[in-house]
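One structure is given here, and the rest of the page talks about it.
Protein chains: 2
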Amino acid sequence: MSARENVNIPSGNEEEADHRPLVLVHRLPRFVLPFDMRTTFRLLDPISSAADEPPQDFLSRHAPSIRALITVGPAPVNADLLDLLPSVRLVVGSSAGVDHIDLNECRRRGIAVTNAGSAFSEDVADYAVALLLDVFRRISAADRFVRSGSWPRKPEYPLGFKLGGKRVGIVGLGSIGSEVAKRLVAFGCRIAYNSRNKKPSAPYTYHANVCDLAVNSDVIVVCCALTKETHHIINKDVMTGLGKGGVIINVGRGLDLFEKEPDVPKELFTLDNVVLSPHRAGLTTESFEAVREVITANLNAFFSNKPLLSPVQYE
Amino acid sequence: MSARENVNIPSGNEEEADHRPLVLVHRLPRFVLPFDMRTTFRLLDPISSAADEPPQDFLSRHAPSIRALITVGPAPVNADLLDLLPSVRLVVGSSAGVDHIDLNECRRRGIAVTNAGSAFSEDVADYAVALLLDVFRRISAADRFVRSGSWPRKPEYPLGFKLGGKRVGIVGLGSIGSEVAKRLVAFGCRIAYNSRNKKPSAPYTYHANVCDLAVNSDVIVVCCALTKETHHIINKDVMTGLGKGGVIINVGRGLDLFEKEPDVPKELFTLDNVVLSPHRAGLTTESFEAVREVITANLNAFFSNKPLLSPVQYE
């Protein structure tokens, strides 16, 4: 499906008769809305608009009728954009994290923000466990070893480590962190966690700071949102606390393995004890369908003045 | 630790004073006993014996005093070997499967056989889940993709699939299969199984034959022992039943991915949807320690006329 096929190109007559709510698709050129929503909404996309009109002119022309926008991927929603769109009252994020959306600006202007809710949580949790198993049991490295033809020559491949009994510290016990904990309990891991506040209902050991958690863990799994408080939360002290044999699994948004994706530090390519992943933790056929549903539900609620499904709470 | 360091080389005087029970180490040249048992047992190893004596002569010379032997890896225990060792009354296997031991010959001669019990079960179950996650979420393939430098050029990497909700059919609900089921329940999978008999205590759907199981599954995990009945149990009918999108995970002994390891069919190297593993499902630092313990416990029980810890039941 090309980006162009997935948006509506308004032409005079159609527009008159069309009762579908109008929604702006806000995206960077290399991201497209990965599902079809045209039966429910009239989508406007400045990047793939029919006329070769500069996006800014396109926006100005449609601004008065644009009350809601969908952000695709990490397209920033900031004061500059919102200045162009004075009628917008809803920003629908399509990811779990909303660090690309300026929440202060939205609050100031009375704009509601929604995120993907827990649409990605189970898939991201699965991925975190997959990465942990891969590091402990050397799955990718072993696959590389066999494919290179080394096996017949070097039968003494290094041993892996058992997951059971290991102390796993989860940073951020939200919907993703809780799903990670549930899975790792079944492997016999001992779970502890750090979060802003102790969760009375969680049956795991709480540590008020990440360093304490690291000192008491064999593995750290980073599942928190990217905020001012969590930026660079895994620092030298935490790594020293975790120790030399420690393992860090990172599925936290913005904290992802690569600070400037898709550019990966070449040094990592030579390391056999690292698993490299192209920011895919949440991306499955099923999660895309779940995100489509949550976006649709939020937009429908907004256009019929009902409560939003997954509103982001302002601090 | 070299093979030589790990065995005792009897020399006249020492042998007189040594009260440790004598145990034969039976192995193929490329396998060594991966842990030290010399504080408890006097180990005899024909392959690394000090004198360059042919193994057969070595065996004949020591045979009258050899009452127990440890098999390392897949070294076959058959009538030819047992003919050379008329005093043997115990064969201690160091793996979960005992398909390399001729159980009929052992029974006929009144020789007891033990296996590794459940020492490997949790690690093998972890590995099965790791392989399943890898195939569903393309972990190894994604790592290969990033390492090849393709990410910046091809941002449209294919989506993975969600584990939750998938129907997983387990072939063989023994100690490994049960551990696999326990883990996959935590991922939200729906579990069914096939085994010789329905297990009244197992809360999963039972299918009396593997084809029925396959027809009703998205994934098949092979966890059964290799016996005459299970040889080539995953045949064309089972694969057809599973269907084109189906996934097969194999951690069953002797049923391993490669029939003639370490020689891997070169055709597999070109497939991106296959994870290749050099027969490592059970091999961790922790499982080796567990195996050492179960071998020691079986030998100690035997030499003090107590019940064996993990005897193999003859059919």
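Read top to bottom, the protein sequences are chains A and B.
Sequential numbering from 6 applies to the first sequence in the working numbering.
Sequential numbering from 6 applies to the second sequence in the working numbering.
Ideal Cβ positions, reconstructed from N, Cα and C, are used throughout, including at glycine.
All values reported here derive from a predicted model rather than from experimental measurement.
A/Thr235 carries a coil assignment under DSSP once its states are collapsed to helix, strand and coil. Residues of the same chain with a CB within less than 7 Å of the CB of B/Pro157, apart from the 5 flanking positions on each side, do not exist. Among the residues of chain A, those whose CB is under 9 Å from the CB of B/Val269 are Val151, Arg152, Gly154, Trp156 and Pro157, following chain order. Residues of chain B whose Cβ lies closer than 7 Å to the Cβ of A/Val280 are, in chain order, Ile144 and Asp148. Taken through DSSP and simplified to helix, strand or coil, A/His24 comes out as coil.
As DSSP reads the structure, B/His31 sits in a beta bridge with B/Thr76. The C-beta of B/Phe192 comes closer than 8 Å to at least one C-beta of chain A.
Taking every protein chain shown into account, the CB of A/Leu29 has 16 or more other CB atoms within 10 angstroms, so this residue is buried. Taken through DSSP and simplified to helix, strand or coil, B/Gly174 comes out as strand. Nearest to B/Cys194 by alpha-carbon distance, out of B/Leu86, B/Phe141, B/Val215 and B/Val103, is B/Phe141. Chain A places a beta carbon closer than 8 Å to that of B/Leu288, counting this residue as a contact.
In this structure B/Leu33 is in contact with B/Ala80, their Cβ atoms being roughly 5 Å apart against a cut-off of 8 Å. Boundaries of the beta strand (DSSP E) harbouring A/Arg195: Arg195 to Asn199, taken from the DSSP string. At least 8 Å separates the CB of B/Tyr198 from every CB of chain A. Assignment of beta-bridge partners to B/Thr119 by DSSP yields B/Val97 and B/Pro316. Under the DSSP assignment, B/Ile300 falls in the alpha helix (DSSP H) whose first and last residues are Thr290 to Phe308. For A/Phe274, the nearest beta carbon of chain B is closer than 8 Å to its own beta carbon.
For A/Leu168, the chain B residues whose Cβ falls inside 7 Å of its Cβ are Asp131, in order along the chain. With a cutoff of 8 Å on beta-carbon distance, A/Ala286 and A/Val243 are scored as not near each other. Contact between the region 85–98 of chain A and the region 298–305 of chain A is present: 3 or more CB-CB pairs across the two stretches fall below 8 Å. Within the model, the alpha-carbon separation for B/Ile253 versus B/Val226 is close to 6 Å. The beta-carbon distance between B/Glu127 and A/Lys265, rounded to whole angstroms, is 39 Å. This is too long to meet the 8 Å contact definition. Judged by their CB atoms, B/Pro91 and B/Ala124 are not nearer to each other than the 8 Å cut-off. A Cβ-Cβ distance of about 5 Å is found for the pair A/Leu178 and A/Ser200, placing them in contact under the 8 Å criterion. In the three-state DSSP reduction, B/Leu87 falls in the helix class (H, G or I). In the DSSP annotation of this structure, the continuous segment of the beta strand (DSSP E) that includes A/Asn255 starts and ends at Val252 to Asn255. In the DSSP annotation of this structure, the continuous segment of the beta strand (DSSP E) that includes A/Arg47 starts and ends at Arg47 to Leu49.
Counting only residues of its own chain and dropping the five nearest sequence neighbours on each side, A/Glu294 has a CB closer than 8 Å to the CB of Phe40. For B/Phe308, the CB contacts under 6 Å within the same chain, skipping 5 residues up- and downstream, are Pro26 in chain order. One finds Lys167, Leu168, Gly169, Phe192 and Gly193 in chain A with Cβ atoms closer than 9 Å to the Cβ of B/Glu127, taken in chain order. The region 106–117 of chain A makes no contact with the region 226–241 of chain A, as fewer than three CB pairs between them are under 8 Å. Closer than 8 Å to the CB of A/Ser54 there is not a single CB belonging to chain B.
Judged by their CB atoms, B/Val77 and B/Ser99 are nearer to each other than the 8 Å cut-off. A/Lys249 and A/Val299 have their C-alpha atoms some 42 Å from each other. In this structure, the CA atom of A/Tyr198 is about 29 Å from the CA atom of B/Lys171. The beta-carbon distance between B/Ala219 and B/Gly182, rounded to whole angstroms, is 15 Å. This is too long to meet the 8 Å contact definition.
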